[in-house]
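Asks: So that we are looking at the same thing, I have put the structure below in structure tokens.
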Amino acid sequence: MRGAVEGGEIDPVASPDGGGVDGGSPARAALPAPRRPAARRRPGVVALYFAYRALSALVLAAPVSLFAARLVGGHPRGDAVLFDPGSVMLVEVARVAKDAAALIAAQMGLGALLASAFGLIPLAIVIVALGRSGPLTASLVGGRVARALGPLTLLWGAALAAEVAAAALVTLLGLKLLGSMQLGPRAYDVAGAAVVLVAALAIAAIGILHDLARVAAVDEQRGFYMSASRALSTAVSAPLASAWAFFWRSALAVAALASAVGIARAVGLSSGARVALAFGAQHAGIAITVFLRVSWLAAAMRLLDRTREAGSGR
Amino acid sequence: MRAVTDDGVAIRCLYPPDHERAAALEIEASRFGLAHLGAAFGRYPYRTLTIVHPPTGADEAGGMEYPTLITTGGSWLVGGAFGRFVEAVTLHELAHQWFYGLVATNEHRYPFLDEGLTSYAEADVLRARHGAASAARVLGLELDILAIYRAGAIEAGHNAVIGQAAPDFVQGSDYGALVYGRMATLVSTLEGVYGRDLIRGAVGRYAREGRFRHPGPEALLAAVREDAGDGAAEALRLAVFERGWVDYAVAGMESYAGGGEGPAQGGADGGAAVYRGHAFVRRRGTLVLPVDVDLHGADGAVQRVRWDAREPAARLPYAGASRLVAVVIDPERRVLLDEDLTNNAAREGRQVLAPRVLHGASLAAGVLLTLLGP
Numbered sequence: 426m427r428g429a430v431e432g433g434e435i436d437p438v439a440s441p442d443g444g445g446v447d448g449g450s451p452a453r454a455a456l457p458a459p460r461r462p463a464a465r466r467r468p469g470v471v472a473l474y475f476a477y478r479a480l481s482a483l484v485l486a487a488p489v490s491l492f493a494a495r496l497v498g499g500h501p502r503g504d505a506v507l508f509d510p511g512s513v514m515l516v517e518v519a520r521v522a523k524d525a526a527a528l529i530a531a532q533m534g535l536g537a538l539l540a541s542a543f544g545l546i547p548l549a550i551v552i553v554a555l556g557r558s559g560p561l562t563a564s565l566v567g568g569r570v571a572r573a574l575g576p577l578t579l580l581w582g583a584a585l586a587a588e589v590a591a592a593a594l595v596t597l598l599g600l601k602l603l604g605s606m607q608l609g610p611r612a613y614d615v616a617g618a619a620v621v622l623v624a625a626l627a628i629a630a631i632g633i634l635h636d637l638a639r640v641a642a643v644d645e646q647r648g649f650y651m652s653a654s655r656a657l658s659t660a661v662s663a664p665l666a667s668a669w670a671f672f673w674r675s676a677l678a679v680a681a682l683a684s685a686v687g688i689a690r691a692v693g694l695s696s697g698a699r700v701a702l703a704f705g706a707q708h709a710g711i712a713i714t715v716f717l718r719v720s721w722l723a724a725a726m727r728l729l730d731r732t733r734e735a736g737s738g739r
Numbered sequence: 003m004r005a006v007t008d009d010g011v012a013i014r015c016l017y018p019p020d021h022e023r024a025a026a027l028e029i030e031a032s033r034f035g036l037a038h039l040g041a042a043f044g045r046y047p048y049r050t051l052t053i054v055h056p057p058t059g060a061d062e063a064g065g066m067e068y069p070t071l072i073t074t075g076g077s078w079l080v081g082g083a084f085g086r087f088v089e090a091v092t093l094h095e096l097a098h099q100w101f102y103g104l105v106a107t108n109e110h111r112y113p114f115l116d117e118g119l120t121s122y123a124e125a126d127v128l129r130a131r132h133g134a135a136s137a138a139r140v141l142g143l144e145l146d147i148l149a150i151y152r153a154g155a156i157e158a159g160h161n162a163v164i165g166q167a168a169p170d171f172v173q174g175s176d177y178g179a180l181v182y183g184r185m186a187t188l189v190s191t192l193e194g195v196y197g198r199d200l201i202r203g204a205v206g207r208y209a210r211e212g213r214f215r216h217p218g219p220e221a222l223l224a225a226v227r228e229d230a231g232d233g234a235a236e237a238l239r240l241a242v243f244e245r246g247w248v249d250y251a252v253a254g255m256e257s258y259a260g261g262g263e264g265p266a267q268g269g270a271d272g273g274a275a276v277y278r279g280h281a282f283v284r285r286r287g288t289l290v291l292p293v294d295v296d297l298h299g300a301d302g303a304v305q306r307v308r309w310d311a312r313e314p315a316a317r318l319p320y321a322g323a324s325r326l327v328a329v330v331i332d333p334e335r336r337v338l339l340d341e342d343l344t345n346n347a348a349r350e351g352r353q354v355l356a357p358r359v360l361h362g363a364s365l366a367a368g369v370l371l372t373l374l375g376p
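What follows is the structure, encoded as structure tokens:
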């Protein structure tokens with residue numbers, strides 16, 4: 426069915442620019458209404474993506490929790506003693522655990538890497554689901570996801586390398602520039618923070634391109650080069666729209682996570698019920714960030730559609 | 003920047019550009035410190051105090067003390083994630099006005115009487131000002147300066163003697179951890195065990211009697227012996243000169259219904275006891291410091307008993323209305339010198355997963371995945 430209308434939507438693979446891996450479908454002639462992909466239309470995949478995020482976070486955190494329980498789990502108040510005023514037990518556990526810290530950090534780092542790598546699968550599922558309406562079949566989703574994994578992995582590696590390089594370049598050049606200026610301590614620190622902000626913006630810009638390319642890779646079933654090219658042309662043709670769509674959602678996501686932290690602090694962790702409430706706030710925060718993430722991917726899809734339509738003269 | 007204390011001491015702070023907030027904090031901390039330390043160790047006798055905050059690039063000039071003049075240090079950005087570094091340095095150097103300044107000990111031969119007592123005094127003032135958050139308050143966590151001193155003190159505890167001359171320390175790290183950290187932890191431990199008023203009073207007596215003199219360790223030991231007793235003085239001597247150490251541990255517990263002879267005689271709360279049992283506790287090390295032990299019943303009742311810890315192991319009797327389910331040695335963590343605080347408690351059905359840690363770590367992981375994940 427690829428290249429034909431599925432679930433009431435046209436398959437974006439059959440794009441007029443012929444850049445898709447299997448372009449040239451006869452269905453191209455029938456011009457359907459523009460797609461309006463949106464996160465709210467796909468609560469199932471939002472839930473799936475949330476489950477991946479929440480489960481990954483718990484799996485990553487579990488070794489630390491198990492280790493802490495080995496050290497303070499014999500206390501009648503359990504790990505609550507770690508957060509007593511003065512943090513004597515927290516510092517003690519950190520002291521006792523210092524030999525294991527490198528091992529746990531390595532384990533968590535590897536775990537985060539694996540979680541990120543395997544996270545490409547739910548991400549691809551989300552993009553496939555956003556690109557079409559109606560029920561999805563496993564074979565359809567599986568096929569499109571499988572074909573996209575290669576380009577997605579390449580894009581991931583390239584984006585990581587580009588982000589590291591951009592951050593290093595901006596930071597090094599910025600600090601070198603600051604070093605050559607006669608600045609007082611306050612001005613130097615403020616300027617240094619500005620350099621870090623510029624580096625963060627550079628990383629965010631690469632992140633926007635990366636996401637646009639990911640959507641192109643999955644939704645349009647393009648290869649690495651064509652996905653990157655589509656992302657670049659979309660960002661160039663609609664830079665403000667791309668940035669706005671990304672940043673307002675990012676700001677809300679930061680606010681959601683900060684609220685989760687704030688609620689956990691306000692509630693305290695003195696009893697089991699309070700810990701459960703803090704967990705609830707935490708997962709609500711993650712759920713909101715996941716929804717916003719999916720919403721951004723839908724917006725990226727609309728942006729890509731717009732540039733494709735503009736390119737095809739529609 | 004200038005200020006005058008209620009006692010008429012003129013404080014002047016010399017600071018580089020951009021450090022107005024740090025200078026104001028240093029003056030405020032000094033005002034507080036002069037009053038607090040003066041009350042504890044004898045009035046500051048001079049009319050002036052000059053604080054010098056060195057500029058960037060001259061950081062090595064910071065953290066020094068001279069009679070009526072101290073140098074500090076730290077970022078212009080005080081507070082927040084930077085903790086109380088500026089205050090800590092200021093109060094540490096200020097405390098030197100007493101320990102080595104007014105009480106003119108031999109810094110070279112007995113650095114613990116100089117830096118050690120100064121670190122103790124610094125922690126004392128910081129705690130008076132900020133309570134349990136004496137080192138920092140970050141993300142709702144309160145961090146005590148003594149928790150930090152203690153960590154280094156325990157790590158280096160067996161490396162060398164606290165009470166040796168400065169050049170006899172093989173490594174600078176041992177000097178720092180033992181002379182500064184372990185001495186402060188030791189005196190605070192004695193406060194916890196024998197009473198803050200007694201030990202602080204003893205150090206105050208030593209400071210007053212040694213004012214404008216050159217006392218040695220025996221003067222401090224004598225003051226502690228006189229005010230807090232032989233046990234406190236012996237613990238101080240052992241810890242300072244013989245690497246004295248201690249580690250309490252719960253070895254186990256048992257309880258049984260009735261005891262085979264009908265109901266027990268009565269619990270600590272006066273109610274009829276139907277369960278009897280024992281808590282098995284151990285003390286390793288050379289320091290003999292009495293501690294409290296909490297015995298937790300299954301019904302939530304907690305009985306506190308005092309263990310003199312003269313023997314290396316003891317079987318503490320329990321009688322209560324329910325089974326003995328948990329034992330905690332030194333529940334208020336008064337013995338900061340305890341080598342391992344993680345073996346001070348045991349309970350039936352110990353936690354396998356630490357839920358609060360899981361919450362914090364999974365939140366951090368969630369944020370990390372949001373930032374870095376796909």
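Protein chains in written order, with this note's numbering: chain A, 426 to 739; chain B, 3 to 376.
Quick reminder that beta carbons are idealized off the backbone N, C-alpha and C, glycines included.
All of these numbers come straight from a predicted model, not from anything done at the bench.
(1) Leaving out five residues on either side along the sequence, give the residues of the same chain with a beta carbon under 8 Å from the beta carbon of glycine 40 (chain B).
(2) May I ask you to list, following chain order, the residues of the region 600-630 of chain A that have a beta carbon less than 7 Å from some beta carbon of chain B?
(3) Determine the direct distance from the alpha carbon of valine 470 (chain A) to that of leucine 565 (chain A), and round the result to whole angstroms.
(4) Please classify leucine 291 (chain B): is it buried, with 16 or more other beta-carbons within 10 angstroms of its beta-carbon, or exposed?
(5) CB histidine 38 (chain B) to CB valine 127 (chain B), shorter than 8 Å?
(6) Of all the beta strand (DSSP E) runs that stay within the bounds of the region 27-71 of chain B, which reach a length of 3 or more residues?
(7) Is the Cβ-Cβ distance between tyrosine 208 (chain B) and alanine 225 (chain B) less than 8 Å?
(8) Alpha carbon to alpha carbon, how far is glutamate 24 (chain B) from arginine 202 (chain B)?
(9) Going straight from the alpha carbon of arginine 358 (chain B) to that of proline 376 (chain B), what length do you get?
(10) So, is the C-beta of aspartate 397 (chain B) closer than 8 Å to a C-beta in chain A?
(11) Hey, how far is the Cα of isoleucine 628 (chain A) from the Cα of phenylalanine 716 (chain A)?
(12) I need the straight-line Cα distance from aspartate 76 (chain B) to threonine 120 (chain B), nearest angstrom please.
(13) Can you tell me whether alanine 723 (chain A) is buried or exposed, with buried defined as 16 or more other CB within 10 angstroms of its CB?
(14) So, with DSSP's three-state summary, where would you put aspartate 447 (chain A)?
(15) According to DSSP, simplified to helix, strand and coil, what is histidine 361 (chain B)?
(16) How about histidine 708 (chain A) and alanine 479 (chain A): do their beta carbons lie closer than 8 Å?
(17) Between threonine 58 (chain B) and proline 547 (chain A), is the Cβ-Cβ spacing less than 8 Å?
(18) Could you pull out every residue in the same chain whose Cβ sits closer than 8 Å to the Cβ of leucine 608 (chain A), ignoring the five residues on either side in sequence?
(19) Mind checking which residues open and close the alpha helix (DSSP H) that includes isoleucine 1 (chain B)?
(20) Using a Cβ-Cβ cut-off of 8 Å (strictly less than) and excluding sequence neighbours within five positions of arginine 520 (chain A), which residues of its own chain qualify?
(21) If you pair each beta-carbon of the region 65-80 of chain B with each one of the region 170-189 of chain B, do three or more pairs fall below 8 Å?
(22) Between the alpha carbons of glutamate 62 (chain B) and asparagine 108 (chain B), how many angstroms are there, rounded?
(23) Let me confirm a value: leucine 535 (chain A) is counted as buried when at least 16 other C-beta atoms fall within 10 Å, else exposed. Which label applies?
(24) At the level of alpha carbons, what is the spacing between aspartate 20 (chain B) and threonine 50 (chain B)?
(25) Smallest Cα separation from glutamine 305 (chain B): which of B:Gly194, B:Arg286, B:Pro333?
(26) Return the residues of the region 686-700 of chain A that lie within a Cβ-Cβ distance of less than 8 Å from chain B, sorted by chain order.
(27) Determine the DSSP secondary structure at glutamate 144 (chain B), reduced to helix, strand or coil.
(28) Which residues, taken in chain order from the region 234-257 of chain B, show a beta carbon closer than 9 Å to some beta carbon of chain A?
(29) With alanine 315 (chain B) and glycine 299 (chain B) assumed to form a contact (beta carbons below 8 Å), what rounded beta-carbon distance in angstroms separates them?
(30) If you run the structure through DSSP and keep just helix, strand and coil, what is aspartate 170 (chain B)?
(31) Rounded to the nearest angstrom, what separates leucine 360 (chain B) and asparagine 345 (chain B) at their Cα positions?
(32) For isoleucine 29 (chain B) and chain A, any beta-carbon pair shorter than 8 Å?
(33) CA-CA distance, histidine 110 (chain B) and glycine 197 (chain B)?
(34) According to DSSP, simplified to helix, strand and coil, what is methionine 255 (chain B)?
(35) Based on the DSSP output, what are the partners of tyrosine 320 (chain B) in its beta bridges?
(36) Measure the Cβ-Cβ separation of isoleucine 688 (chain A) and alanine 703 (chain A) and say whether it is below 8 Å.
Replies: Checking against the coordinates, here is how it stands:
(1) Here residue 40 (chain B) is taken as the residue at index 38 of the second sequence, counted from 1. Here the set comprises Asp9, Tyr46.
(2) Gly609, Pro610, Arg611, Asp614
(3) Numbered from its first residue, the first sequence carries residue 565 (chain A) at position 140. Numbered from its first residue, the first sequence carries residue 470 (chain A) at position 45. Straight through space, the alpha carbons of valine 470 (chain A) and leucine 565 (chain A) are spaced by roughly 15 Å.
(4) Reading the second sequence from its first residue, position 289 is the one you call residue 291 (chain B). Its Cβ being crowded by 16 or more others within 10 Å, leucine 291 (chain B) is buried.
(5) Taking the first residue of the second sequence as position 1, residue 38 (chain B) is located at position 36. Taking the first residue of the second sequence as position 1, residue 127 (chain B) is located at position 125. In contact: histidine 38 (chain B) and valine 127 (chain B) (Cβ atoms closer than 8 Å).
(6) 50-54, 66-68
(7) Within the second sequence, numbered from 1, the residue matching residue 208 (chain B) stands at position 206. Within the second sequence, numbered from 1, the residue matching residue 225 (chain B) stands at position 223. Closer than 8 Å, so yes.
(8) On the second sequence, residue 24 (chain B) is found 22 positions in, with the first residue counted as 1. On the second sequence, residue 202 (chain B) is found 200 positions in, with the first residue counted as 1. Checking the sequence shown, residue 24 (chain B) turns out to be alanine, not glutamate. Their backbone Cα atoms lie some 30 Å apart in a straight line.
(9) As a working mapping, residue 358 (chain B) is identified with position 356 in the second sequence. As a working mapping, residue 376 (chain B) is identified with position 374 in the second sequence. Near 27 Å, if we compare the C-alpha coordinates of proline 376 (chain B) and arginine 358 (chain B).
(10) Residue 397 (chain B) is absent from the model: chain B starts at 3 and stops at 376.
(11) As a position in the first sequence, residue 628 (chain A) is number 203, starting the count at 1. As a position in the first sequence, residue 716 (chain A) is number 291, starting the count at 1. Each residue's alpha carbon lies about 22 Å from the other.
(12) Taking the first residue of the second sequence as position 1, residue 76 (chain B) is located at position 74. Taking the first residue of the second sequence as position 1, residue 120 (chain B) is located at position 118. Note on identity: in this sequence residue 76 (chain B) is glycine, with aspartate being the wrong assignment. Roughly 19 Å separates the two Cα atoms.
(13) Your numbering for residue 723 (chain A) matches position 298 in the first sequence. Counting Cβ neighbours within 10 Å, alanine 723 (chain A) comes out buried, since at least 16 surround it.
(14) On the first sequence, residue 447 (chain A) is found 22 positions in, with the first residue counted as 1. Residue confidence is low: aspartate 447 (chain A) scores 40 on pLDDT, short of 50, so the model does not pin down where it sits. Its coordinate-derived value is still stated next. When DSSP states are grouped into helix, strand and coil, aspartate 447 (chain A) belongs to the coil group.
(15) By 1-based counting over the second sequence, the position of residue 361 (chain B) is 359. If DSSP states are grouped into helix, strand and coil, histidine 361 (chain B) belongs with the helices.
(16) Taking the first sequence and counting its residues from 1, one reaches residue 708 (chain A) at position 283. Taking the first sequence and counting its residues from 1, one reaches residue 479 (chain A) at position 54. Their beta carbons are under 8 Å apart, which means histidine 708 (chain A) touches alanine 479 (chain A) by this criterion.
(17) On the second sequence, position 56 is the one that residue 58 (chain B) refers to. On the first sequence, position 122 is the one that residue 547 (chain A) refers to. Against a cut-off of 8 Å, the Cβ pair of proline 547 (chain A) and threonine 58 (chain B) comes out as no contact.
(18) To locate residue 608 (chain A), count along the first sequence from 1; it is residue 183. Excluding sequence neighbours, leucine 608 (chain A) sits near Ala616.
(19) For residue 1 (chain B) there is no data in the structure shown, the boundaries of chain B being 3 and 376.
(20) Within the first sequence, numbered from 1, the residue matching residue 520 (chain A) stands at position 95. If we look at arginine 520 (chain A) and ignore the five residues flanking it on each side, it has no Cβ neighbours.
(21) no
(22) Taking the first residue of the second sequence as 1, we reach residue 62 (chain B) at position 60. Taking the first residue of the second sequence as 1, we reach residue 108 (chain B) at position 106. So the two alpha carbons sit approximately 23 Å from each other.
(23) Taking the first sequence and counting its residues from 1, one reaches residue 535 (chain A) at position 110. Flag for leucine 535 (chain A) reads exposed.
(24) If you number the second sequence from 1, residue 20 (chain B) lands on position 18. If you number the second sequence from 1, residue 50 (chain B) lands on position 48. Aspartate 20 (chain B) and threonine 50 (chain B): Cα-Cα distance of roughly 24 Å.
(25) Working through the second sequence from its first residue, we reach residue 305 (chain B) at position 303. Nearest C-alpha to glutamine 305 (chain B): B:Pro333.
(26) Val686, Ala689, Arg690, Leu694, Gly697, Val700
(27) By one-based count along the second sequence, residue 144 (chain B) stands at place 142. In the structure shown, glutamate 144 (chain B) sits in a strand (DSSP, three-state: E or B).
(28) Val252
(29) Sequence index remark: in the second sequence, residue 315 (chain B) carries index 313 (1-based). Sequence index remark: in the second sequence, residue 299 (chain B) carries index 297 (1-based). No, alanine 315 (chain B) and glycine 299 (chain B) are not in contact; Cβ-Cβ is about 23 Å, not under 8 Å.
(30) Here residue 170 (chain B) is taken as the residue at index 168 of the second sequence, counted from 1. In this structure, aspartate 170 (chain B) counts as helix in the three-state DSSP scheme.
(31) Counting from 1 along the second sequence, the entry for residue 360 (chain B) is found at position 358. Counting from 1 along the second sequence, the entry for residue 345 (chain B) is found at position 343. The alpha-carbon atoms of leucine 360 (chain B) and asparagine 345 (chain B) are separated by roughly 21 Å.
(32) Locating residue 29 (chain B) in the second sequence gives position 27, counting from the first residue. Not one chain A Cβ lies under 8 Å of isoleucine 29 (chain B).
(33) Your numbering for residue 110 (chain B) matches position 108 in the second sequence. Your numbering for residue 197 (chain B) matches position 195 in the second sequence. For histidine 110 (chain B) and glycine 197 (chain B), the distance between alpha carbons rounds to 31 Å.
(34) For this step, residue 255 (chain B) is matched to residue 253 along the second sequence. Strand at methionine 255 (chain B).
(35) Indexing the second sequence from 1 puts residue 320 (chain B) at position 318. Answer is B:Gly279.
(36) Translated into positions along the first sequence, residue 688 (chain A) becomes position 263. Translated into positions along the first sequence, residue 703 (chain A) becomes position 278. The answer is yes: Cβ separation under 8 Å.
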